[in-house]
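Read through the structure below, which is laid out as structure tokens, and then see the notes.
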Amino acid sequence: MTSDDFARPGRPRSLQTYAALPPERTEAVLALLAEAARADGSQAVSEQGRLQLRGGDREGVSHLLLSVDGELVGYAQLEDTDPVEPPAAELVVHPSHRGHGHGRALGNALLAASGKRLRVWAHGGHSAARHLAQVLGLTLFRELRQLRRPLAGLGGLEPVLPEGVRVRTFVPGRDDAAWLALNAAAFAHHPEQGSLTQRDLDDRKAEPWFDPEGFFLAEDEGGRLVGFHWTKAHEAEGLGEVYVLGVSPDAQGGGLGKSLTAIGLRYLAGRGLPTAMLYVDADNKAAVSVYERLGFVTHETDLMYRTET
């Protein structure tokens, strides 16, 4: 842990940086995130970031806690694990403490920690986040859309599997290694998803929402995994998510992805969830077009900003 004090008239502001958060600090950050989510209508830190709050030291991940008179008012997470891209960050200021320069202080600390090579997520694309990015000298780099559609009226969406392919559900432990290999191949172009490790998978399997019955695997006649659709239920929000859907590069183009999507959506509808959601990069025109033809429309947008390179 390191600590730096910010000179500020009136109430003193301090920043502490941790490689791993003590349990009491973790709970304080989670409480701050919950307050911000209630105020903003969306999470300021992604699922991966929230998982990385727990479980001790993680290589390349650091946590920045901003306090005023000992009270936690802001949090940022910096992940420096990509061998090519700049470090990625997420940050949030408590709703009751906004408008006092805390976001700028966290942003400047992230710039310093990253050597001014930085990518920052603004979940929900709120105007305040866009303004902060401008103040910090960051430019828009990536747009991630959340799409939604009702789960009623799926009658016309029938799964038609390619010849020789069957679908079954995930068996924890037995399928881990094969799924991780398929996920890496299917998302070789997507460093965040494609780099998932056994620890990342274990973190998700330990979450209350994890349901292997909603994790569908497609395999060919030889038993090789060629595709998957991992669904996720957000019961409190009445949402079913197309959490991750992937197809092996050598099995693409035959309609397997569409069939797996239909299987997952039907499963979520059978659980009584009224709405489906998913995330897709705006520049992935082919995927956006497929999902729009399936009845999905844009609900909200996450934006990533970065320093000029």
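Quick note on the numbering used here: the sequence shown kicks off at 25 and runs consecutively.
Note that the Cβ used here is the ideal one computed from N, Cα and C, for glycine as well.
Only a predicted model underlies this, so the values are computations on that prediction, with no experimental measurement involved.
Item to complete: Could you have a look at Trp233 and say whether DSSP puts it in helix, strand or coil?
Response: As a first step, residue 233 must be located in the sequence shown, where it is residue number 209. In the three-state scheme derived from DSSP, where H, G and I count as helix and E and B as strand, Trp233 is classed as coil.
Practice prompt. Label Leu39 either buried or exposed according to how many other C-beta atoms from any shown protein chain fall within 10 Å of its C-beta, with 16 as the threshold for buried.
Written response: Here residue 39 refers to the residue found at position 15 when the sequence shown is read from its first residue. Burial call: buried.
Practice prompt. Give the single residue among Ala275, Leu297, Pro110 and Asp226 whose Cα lies nearest to the Cα of Ala260.
Written response: For this step, residue 260 is matched to residue 236 along the sequence shown. If we check each option's Cα against that of Ala260, Leu297 comes out closest.
Item to complete: Have a look at Gly123, Met328, Leu249 and Met301 and flag the residue whose alpha-carbon is nearest the alpha-carbon of Thr322.
Response: The residue labelled residue 322 in the question sits at position 298 within the sequence shown. When only C-alpha atoms are compared, the closest one is Met301.
Worksheet item: DSSP three-state call for Val159: helix, strand or coil?
Response: One-based indexing of the sequence shown puts residue 159 at position 135. For Val159, the secondary structure class from DSSP, reduced to helix, strand or coil, is helix.
Discussion item. Check for me: the alpha helix (DSSP H) holding Leu134 runs from which residue to which?
Written reply: Along the sequence shown, read from residue 1 onward, the residue named residue 134 stands at position 110. Per DSSP, Leu134 belongs to the alpha helix (DSSP H) from His126 to Ala137.
Fill in: Supposed close pair Leu102, Ser138 - CB separation, criterion 8 Å
Position 78 of the sequence shown, counting from 1, holds the residue named residue 102. Position 114 of the sequence shown, counting from 1, holds the residue named residue 138. Going by Cβ atoms, the distance from Leu102 to Ser138 rounds to 7 Å, so yes, they are a contact pair.
Fill in: Counted within 10 angstroms of its Cβ, other Cβ atoms place Ala201 as buried (16 or more) or exposed
Here residue 201 refers to the residue found at position 177 of the sequence shown. Here Ala201 is exposed: its Cβ has fewer than 16 other Cβ atoms, across all protein chains shown, within 10 Å.
Practice prompt. State the Cα-Cα distance for the pair Arg62 and Arg190, rounded to the nearest angstrom.
Written response: Taking the first residue of the sequence shown as 1, we reach residue 62 at position 38. Taking the first residue of the sequence shown as 1, we reach residue 190 at position 166. Answer to the nearest angstrom: the Cα atoms are 42 Å apart.
Fill in: C-alpha gap between Ala100 and Leu280, whole angstroms
Mapped onto the sequence shown, residue 100 falls at position 76. Mapped onto the sequence shown, residue 280 falls at position 256. C-alpha separation (whole angstroms): 39 Å.
Worksheet entry | Local Cβ density within 10 Å of His87, reported as buried at 16 or more and exposed below that | Position 63 of the sequence shown, counted from the first residue, corresponds to residue 87. Buried is the call here.
Worksheet entry | Gln276 - DSSP class collapsed to helix/strand/coil | Residue mapping note: residue 276 aligns to position 252 of the sequence shown, counting from 1. Gln276 falls in the coil class under three-state DSSP.
Worksheet item: Helix, strand or coil for Met25 per DSSP?
Response: As a first step, residue 25 is located in the sequence shown; it is residue number 1 there, counting from the start. The predicted model places Met25 with a pLDDT of 37, which falls under 50 and marks its position as unreliable, so this point remains unresolved.
Worksheet item: Can the beta-carbon of Asp64 be found less than 7 Å from the beta-carbon of Leu168?
Response: The residue you call residue 64 lines up with position 40 of the sequence shown. The residue you call residue 168 lines up with position 144 of the sequence shown. Against a cut-off of 7 Å, the Cβ pair of Leu168 and Asp64 comes out as no contact.
Worksheet item: What is the DSSP secondary structure of Thr322, reduced to helix, strand or coil?
Response: As a position in the sequence shown, residue 322 is number 298, starting the count at 1. In the three-state DSSP reduction, Thr322 falls in the strand class (E or B).
Worksheet entry | Where Ala310 falls, given that 16 or more other Cβ within 10 Å makes a residue buried | Start at 1 with the first residue of the sequence shown, and residue 310 comes out as number 286. By the C-beta density criterion, Ala310 is exposed, having fewer than 16 other C-beta atoms within 10 angstroms.
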